[in-house]
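Engineer:
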Amino acid sequence: MVVSPTTDQFSQYVCEQIRLKTPQLPAPPKLNFHICESWNSGIIMVMSALLVAPSKAHKYSKEGWEFLKEPTK
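Using our numbering, the first residue of the sequence shown is number 69, and each one after it goes up by one.
#1: How about leucine 93 and valine 71: are their beta carbons less than 8 Å apart?
#2: Measure the C-alpha to C-alpha separation of serine 123 and asparagine 100 and round it to an integer number of angstroms.
#3: How many Å lie between proline 96 and methionine 115 at the Cα?
Given below as structure tokens:
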């Protein structure tokens, strides 16, 4: 969790006023990837799945119908 500088300063001020010692928060971890790239790849995967969904649904329903018709022959 990342704390804004304003919130951190306010909490330090309050602690000083009531003479309370609080531990320092650890530094946030350094990330070596761009959130934008992850977001874009997720959007691309969802959109491609939605693009092929009608044809896949048709294919699977046709295969299912053939499977159900075979035992009745």
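Think of the CB as a built atom: it goes at the ideal place given N, C-alpha and C, for glycine as much as any other residue.
Structural biologist: Well, looking at it:
#1: Yes. Within cutoff.
#2: Going from the Cα of serine 123 to the Cα of asparagine 100 covers about 38 Å.
#3: Taking C-alpha positions only, proline 96 is separated from methionine 115 by approximately 33 Å.
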